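Residue numbers (this note's numbering): 348 to 853. Glycine included, C-beta positions come from ideal geometry on N, C-alpha and C. Quick caveat: nothing in here was measured; it's all calculated off a predicted structure.
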Ligand SMILES: Nc1ncnc2c1ncn2[C@@H]1O[C@H](COP(=O)(O)OP(=O)(O)OP(=O)(O)O)[C@@H](O)[C@H]1O
Ligand SMILES: [Mg+2]
């Protein structure tokens with residue numbers, strides 16, 4: 348056994364317990380993977396390392412070597428990843444040859460390797476070498492547009508542990524748009540696969556992630572499940588009646604994989620609406636869970652929530668609810684401060700800066716990510732490496748941010764809820780942050796000839812609270828985010844919006 352690693356990697360693995368794996372060789376280079384996810388940057392638990400040996404340096408010019416390394420990146424499909432290149436010699440010529448603004452290769456020459464080995468803060472030293480070469484906007488883990496996992500996934504430890512720790516319980520992950528449902532499901536999926544790979548080295552086909560918004564017909568969904576579990580049975584599915592075939596199929600697959608089938612079904616809302624009333628398919632799924640064949644983790648918002656509490660629905664009591672809410676202040680701090688500090692950014696007044704961001708985003712992870720993205724971009728442009736509460740001003744002026752705020756509001760609410768917000772904001776135009784009761788909402792709506800029944804108003808308030816737009820306190824409600832109110836008031840003519848909503852019907 349006793350595999351030989353280059354000294355730096357050996358040291359990182361033995362002394363500092365970074366997880367390390369050998370990869371295949373490609374184009375004559377030995378490859379490794381190192382787990383740098385603990386840095387909370389865009390460096391995964393699977394960060395590639397290419398070893399450039401002394402003989403490689405002797406036999407080719409820096410330009411040729413670079414071309415060769417770029418081919419390794421192509422061949423391995425690493426275009427979107429940051430790649431560490433260990434060079435057993437002087438790396439400065441290579442750095443010079445690589446002058447691309449979208450640079451994702453980071454060189455560590457022999458001088459630097461020795462420096463790290465001698466250092467009293469070796470991890471910090473390696474991090475410094477990386478962040479001097481890769482732009483901070485690429486190294487930063489912030490992401491506002493797609494689900495996040497691994498080193499970019501924050502908080503939600505409790506939820507992840509609960510799902511992973513109870514394989515006999517199905518879960519429904521509920522929460523408003525962009526609160527982090529898909530991210531949670533993807534992170535659970537990632538950890539399940541990791542566990543399963545550690546146990547048997549298979550690529551765990553019994554774990555299925557399906558985005559139901561692409562699979563709205565039952566036939567398509569069933570077909571996709573069969574395709575993922577055992578594509579050879581697709582012809583049988585086409586020939587047999589699905590209600591005989593499918594339950595039996597699931598049972599057989601459980602035996603085949605010697606493991607419970609785990610279905611992660613994202614975006615279940617539309618599927619429920621489409622099948623409303625015709626529950627046969629969901630009954631089949633439920634029966635499979637009762638027999639211990641499957642575990643389900645589903646994610647949705649309105650409809651999923653309704654069905655869980657609807658006595659006539661097969662969803663009733665079927666899954667335990669996990670409701671995702673905004674980050675706590677401590678978790679927001681973790682998301683803001685840890686990556687920034689690892690990027691070498693100092694906080695002039697950390698507690699005030701974090702406090703301001705927290706207040707203005709109401710702890711919504713996606714909005715916090717927006718703040719951080721804009722701040723990182725700002726720092727990159729100016730070359731500064733310090734943040735203070737004053738830095739936040741640039742965020743309010745950002746068009747993308749404004750649009751984003753408004754879009755999440757539009758996505759999370761239906762017309763009646765929008766009407767409540769527009770009417771109250773017109774009534775309270777001068778002092779939008781003071782509290783108001785349901786009676787105030789009713790009065791504000793009536794000024795526009797809108798009469799909403801008590802029950803309906805109550806439901807609207809619940810949704811607005813769930814959507815993180817209002818916060819209840821006793822009998823009063825408050826807007827959670829001053830920034831949201833300001834942006835809404837400054838961007839739109841609220842009277843016009845209200846008329847539009849009325850026209851469409853509430
Ligand atoms: N655990 C998390 N850590 C850090 N950021 C997060 C986390 N969860 C969500 N976010 C932020 O929120 C954004 C939206 O996350 P995600 O797509 O998982 O939400 P969603 O609830 O599935 O949204 P949708 O309702 O649109 O499907 C991410 O791009 C990221 O900016
Ligand atoms: Mg989602």
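{"Item": "Three CB pairs or more closer than 8 angstroms across the stretch 756-766 and the stretch 801-812", "Value": "yes"}
{"Item": "Residues bridged to residue 641 (per DSSP)", "Value": "608"}
{"Item": "Helix, strand or coil at residue 373 according to DSSP, with G and I counted as helix", "Value": "strand"}
{"Item": "Spatial distance of residue 789 from residue 804 (CA atoms)", "Value": "8 angstroms"}
{"Item": "Backbone CA spacing between residue 791 and residue 766 [nearest angstrom]", "Value": "10 angstroms"}
{"Item": "Same chain, Cβ closer than 8 angstroms to residue 820, five either side skipped, listed in chain order", "Value": "782"}
{"Item": "Cβ neighbour criterion (16 or more within 10 Å) applied to residue 826", "Value": "buried"}
{"Item": "Beta-carbon proximity check, residue 608 vs residue 678, cutoff 9 angstroms", "Value": "no"}
{"Item": "Residue 348 (DSSP reduced to helix, strand or coil)", "Value": "Here residue 348 scores only 43 on pLDDT, less than 50, and its place in the model should not be relied on; the value that follows carries that caveat. In the structure shown, residue 348 sits in coil (DSSP, three-state: anything other than H, G, I, E or B)."}
{"Item": "Residue closest to residue 528, alpha-carbon to alpha-carbon, out of 539, 833, 567, 496", "Value": "496"}
{"Item": "Proximity to residue 479 [Cα-Cα], best of 732, 831, 785", "Value": "732"}
{"Item": "Residue 770 Cβ short of 8 angstroms to ligand 1 heavy atom set", "Value": "no"}
{"Item": "First through last residue of the alpha helix (DSSP H) which encompasses residue 749", "Value": "746-759"}
{"Item": "Range of the contiguous alpha helix (DSSP H) that encloses residue 765", "Value": "762-774"}
{"Item": "Simplified DSSP state of residue 378, which is helix, strand or coil", "Value": "strand"}
{"Item": "Span separating the alpha-carbon of residue 785 from that of residue 823", "Value": "7 angstroms"}
{"Item": "Which residues DSSP lists as bridging residue 819, in chain order", "Value": "824"}
{"Item": "Residue 750 Cβ short of 8 angstroms to ligand 1 heavy atom set", "Value": "no"}
{"Item": "Ligand 2 heavy atom lying under 8 angstroms from the CB of residue 529", "Value": "yes"}
{"Item": "CA nearest to the CA of residue 513, picked from 699, 721, 798, 643", "Value": "643"}
{"Item": "Alpha carbon of residue 348 to alpha carbon of residue 740, nearest angstrom", "Value": "With a pLDDT of 43 at residue 348, under the threshold of 50, the modelled position of that residue is not reliable, and the figure given next carries that caveat. Rounded to whole angstroms, residue 348 to residue 740 spans 58 angstroms at the Cα level."}
{"Item": "Among 524, 434, 351, 659, nearest to residue 627 - alpha-carbon criterion", "Value": "659"}
{"Item": "Beta strand (DSSP E) runs contained entirely in the stretch 540-568, provided each spans 3 or more residues", "Value": "554-558"}
{"Item": "Residue 566 versus residue 630 - alpha carbon distance", "Value": "15 angstroms"}
{"Item": "Minimum Cβ-Cβ distance from residue 532 to chain B less than 9 angstroms", "Value": "Looking for chain B here will not work: only one protein chain is present."}
{"Item": "Presumed contact (8 angstroms Cβ cut-off) between residue 775 and residue 845, rounded CB distance", "Value": "About 14 angstroms separates the two Cβ atoms, so there is no contact after all."}
{"Item": "Endpoints, alpha helix (DSSP H) assigned at residue 680", "Value": "676-689"}
{"Item": "Sequence-distant residues of the same chain with beta carbon closer than 6 angstroms to residue 669, five excluded per side", "Value": "506, 518, 520"}
{"Item": "Residue 614 Cβ short of 8 angstroms to ligand 2 heavy atom set", "Value": "yes"}
{"Item": "Within 9 angstroms, strictly: CB atoms of residue 667 and residue 646", "Value": "no"}
{"Item": "Heavy atom of ligand 2 within 8 angstroms of residue 651 beta-carbon", "Value": "no"}
{"Item": "Proximity winner among 716, 649, 476, 499, relative to residue 386 (alpha-carbon distances)", "Value": "499"}
{"Item": "Outcome for residue 542 when other beta-carbon atoms lying within 10 angstroms are tallied against a minimum of 16", "Value": "exposed"}
{"Item": "Where the alpha helix (DSSP H) containing residue 666 begins and where it ends", "Value": "Residue 666 -> no alpha helix (DSSP H), and no H or E assigned at all."}
{"Item": "Ligand 1 heavy atom lying under 8 angstroms from the CB of residue 646", "Value": "yes"}
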